[in-house]
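There are 2 protein chains.
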Amino acid sequence: MSKKEEIESPVVAVDAVIFTVIENRLNVLLTKIKYGPYAGSWGVPGGRVRMDESLDEAAKRELLEKTGLKNVYLEQLYSFGRVDRDPRARIISVAYFALVDHNKVKLRTTGKYEDIKWLPLKGTGKLAYDHNEIVDYALFRLKNKIKYTNIFYSLLPEKFTLSELQRIYEITLEKKLDKRNFRKKIFSSGLIKEAGVTVGMPHRPSKLYSFRNRKPVFVEMF
Amino acid sequence: MSKKEEIESPVVAVDAVIFTVIENRLNVLLTKIKYGPYAGSWGVPGGRVRMDESLDEAAKRELLEKTGLKNVYLEQLYSFGRVDRDPRARIISVAYFALVDHNKVKLRTTGKYEDIKWLPLKGTGKLAYDHNEIVDYALFRLKNKIKYTNIFYSLLPEKFTLSELQRIYEITLEKKLDKRNFRKKIFSSGLIKEAGVTVGMPHRPSKLYSFRNRKPVFVEMF
DNA sequence: CCAAAAGTGTTGGGGATACACCCATGA
DNA sequence: TCATGGGTGTATCCCCAACACTTTTGG
């Protein structure tokens with residue numbers, strides 16, 4: 003039992019669904035695949051899990067390699083394991099999802115991919131493997147999660163106005179929110195604190211806020 | 003790329019946290035481990051994922067082998083992948099959790115385990131590997147999930163009284179519920195339907211109910 | 001007639017929703 | 001002074017929680 007076993011085993015990979023907001027739309031980071039049956043297709047970035055790293059570490063490494071970012075919101079989503087999800091080999095994908103501020107990202111293509119870029123969530127077309135399913139599920143989880151957490155700390159700049167925050171919520175939830183009620187909820191959640199005011203706008207200056215914590219916090223909100 | 007690769011890869015296993023209620027307490031199905039550094043310890047049942055089965059299929063197979071049951075509530079929980087979680091080998095565990103009616107279960111020990119039995123959730127003591135963490139997380143998810151789903155269809159007999167259902171909720175949530183409010187919520191959820199009455203009790207007969215669906219359904223309740 | 005569990009209605013409070021107007025600034 | 005977005009208060013409704021007594025049966 004303790005010797006090396008010869009039983010074949012599936013390969014383990016992590017895939018990362020990385021969301022950001024660009025021009026009032028949710029975007030996902032996608033890579034163009036160079037080799038194999040899906041060459042030319044777009045898919046979410048991913049890679050094999052090494053023997054000396056945990057799943058979380060593998061996901062962090064993937065995120066760092068592709069975006070240069072650390073310390074962003076990154077959470078395990080689900081593990082996808084259909085037998086035929088990759089026609090070439092038996093691969094189990096442990097999917098993660100992350101939120102980033104795209105202004106902080108310097109995209110870097112590695113040898114494995116032909117290209118890497120942000121694509122609006124609506125209009126990615128058919129993705130490689132089962133990646134449409136993975137992205138859809140990530141979106142579902144995201145929509146739920148923002149109702150009771152502060153995870154947008156990872157998507158917005160350090161300081162932001164309440165209107166900006168509300169816009170992100172509206173984009174993600176795909177519906178308009180009442181400004182007054184939104185403010186009441188956010189304030190009563192205690193998730194944010196004041197952080198100055200804007201200047202130089204052609205209208206009344208707005209207060210700036212920042213999240214009290216840069217780690218996930220759970221509350222009830224919506 | 004398409005040839006067999008020689009890169010070492012973690013082994014993939016599924017572990018199943020199987021809950022039931024016995025004598026007003028939540029119990030978990032545990033197996034006594036025969037070999038290795040945790041020999042003699044108890045842990046949740048699990049096994050390697052085969053090359054020709056999906057993760058879900060592996061979990062179903064595990065459940066069937068240990069309990070003889072099919073078609074019960076079984077859902078993927080989380081994947082655990084710390085490097086040192088098994089001192090002998092690098093093993094990724096995709097954990098599932100299930101709810102069963104223990105009266106329908108015929109426990110069967112397979113060669114791999116010395117013993118298998120139900121143990122009350124409080125008082126399992128220290129389990130093998132990271133199985134305490136896995137069981138704790140499964141319980142957390144269970145407590146949440148019953149607030150907005152019908153998954154107890156899998157734990158109760160086909161027909162049950164509202165008092166029985168309420169008892170299961172109280173045991174799981176570890177708190178008393180108001181009988182009148184409980185009934186209102188359950189009825190308004192539309193999850194159950196009438197299914198006869200009890201007879202031969204030394205008190206007023208109660209109506210019997212059954213779940214409208216034997217597949218997971220989502221509603222808002224608690 | 002007694003024990004045991006089943007079953008049922010009403011009230012009050014708090015949180016959510018809906019809604020419209022004034023404010024401060026730069027140009 | 002005007003255009004632009006920032007910022008605020010209140011009335012209503014509905015849902016939830018709290019609460020106690022009557023009903024039906026077997027023994």
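So the protein lines, in turn, are chains A and B. Be aware that the first sequence starts at 3, since it is given in our numbering, and climbs by one per residue. Be aware that the second sequence starts at 3, since it is given in our numbering, and climbs by one per residue. Glycine residues also receive a C-beta, built at the ideal position from the N, C-alpha and C atoms.
Given K36 (chain A), which residues of its chain have a CB within under 7 Å of its CB, disregarding the five upstream and five downstream residues? K114, Y115 and E116
State whether the stretch 128-135 of chain A contacts the stretch 156-176 of chain A, with contact taken as three or more CB pairs (one from each stretch) at a distance under 8 Å. no
Same chain only: Cβ atoms within 8 Å of G192 (chain B), ignoring 5 sequence neighbours per side: R214 and V221
Over what stretch of residues does the beta strand (DSSP E) that includes V96 (chain A) continue unbroken? Segment I93 to L101, the beta strand (DSSP E) holding V96 (chain A).
Backbone CA spacing between R92 (chain B) and G202 (chain B) [nearest angstrom]: Cα to Cα, the separation comes out at about 57 Å.
Same chain only: Cβ atoms within 6 Å of L109 (chain B), ignoring 5 sequence neighbours per side: I118
Closest residue to R52 (chain B) among A:A41, A:K177, A:V85 and A:Y40 (Cα-Cα distance): A:V85
Say whether chain B places a C-beta atom closer than 8 Å to the C-beta of Y80 (chain A). Yes, contact with chain B.
Answer with buried or exposed for I9 (chain A), where buried requires no fewer than 16 other C-beta atoms within 10 angstroms of its C-beta. By the 10 Å Cβ count, I9 (chain A) comes out exposed.
Taking 8 Å as the CB-CB limit, is D180 (chain A) close to chain B? no
Closest residue to K177 (chain A) among A:F82, A:V16, A:R27 and A:P12 (Cα-Cα distance): The residue with the shortest Cα to Cα distance from K177 (chain A) is A:R27.
The stretch 53-77 of chain A: positions lying closer than 9 Å to chain B by Cβ: Of all residues in the stretch 53-77 of chain A, those with a C-beta nearer than 9 Å to a C-beta of chain B are M53, D54, E55, S56, L57, D58, E59 and A60, reading in chain order.
Please classify E196 (chain A) as buried or exposed, where buried requires at least 16 neighbouring CB atoms within 10 angstroms. That one is exposed.
May I ask you to list the residues that DSSP assigns as paired with V23 (chain B)? B:L28
Locate the alpha helix (DSSP H) running through F142 (chain A), then write down its first and last residues. H133 to K147
Residues that G48 (chain B) contacts on chain A, provided the C-beta gap is smaller than 7 Å: Near G48 (chain B) there are no residues of chain A at all, since even the closest Cβ is about 14 Å away, more than 7 Å.
Apart from the five residues on each side of it in sequence, which residues of its chain come closer than 8 Å, Cβ to Cβ, to K68 (chain A)? A18, I20, L31, T33, P47, L109, R110, T112 and I118
Rounded straight-line distance, which links the Cα of G49 (chain B) to that of I42 (chain A): It is worth fixing the name first, because residue 42 (chain A) is Gly in this sequence and not Ile. The straight-line gap from Cα to Cα measures roughly 37 Å.
Within chain A, partners of R84 (chain B) - CB distance below 9 Å: S56, L57 and D58
Distance, L144 (chain A) Cα to V102 (chain A) Cα: 13 Å
Between the alpha carbons of F184 (chain A) and D54 (chain A), how many angstroms are there, rounded? 45 Å
Can you name the residues that DSSP bridges to V14 (chain A)? A:I94
Any C-beta of chain A sitting closer than 8 Å to the C-beta of R92 (chain B)? yes
Look up Y75 (chain A) in the DSSP assignment and give the residues it is bridged to. A:L101
Using a Cβ-Cβ distance under 8 Å, would E135 (chain B) count as near chain A? no
By how many angstroms is the C-alpha of D180 (chain A) removed from the C-alpha of F162 (chain A)? F162 (chain A) and D180 (chain A) have their C-alpha atoms roughly 19 Å apart.
Indicate whether F224 (chain A) and K149 (chain A) have their beta-carbon atoms separated by less than 8 Å. yes
S4 (chain A) versus V13 (chain B): straight-line alpha-carbon distance, rounded: Here the model assigns S4 (chain A) a pLDDT of 40, short of 50, so the residue's position is not dependable, and the following value carries that caveat. One C-alpha to the other measures close to 14 Å.
In this structure, how does DSSP classify R169 (chain A) when only helix, strand and coil are distinguished? If DSSP states are grouped into helix, strand and coil, R169 (chain A) belongs with the helices.
Tell me where the beta strand (DSSP E) around L210 (chain A) begins and ends. From DSSP, the beta strand (DSSP E) with L210 (chain A) extends over K209 to F213.
Taking the Cβ atom as the reference point for each residue, do L76 (chain A) and A100 (chain A) lie within a distance shorter than 8 Å? yes
Can you look up I118 (chain A) in the DSSP assignment and give me helix, strand or coil? strand
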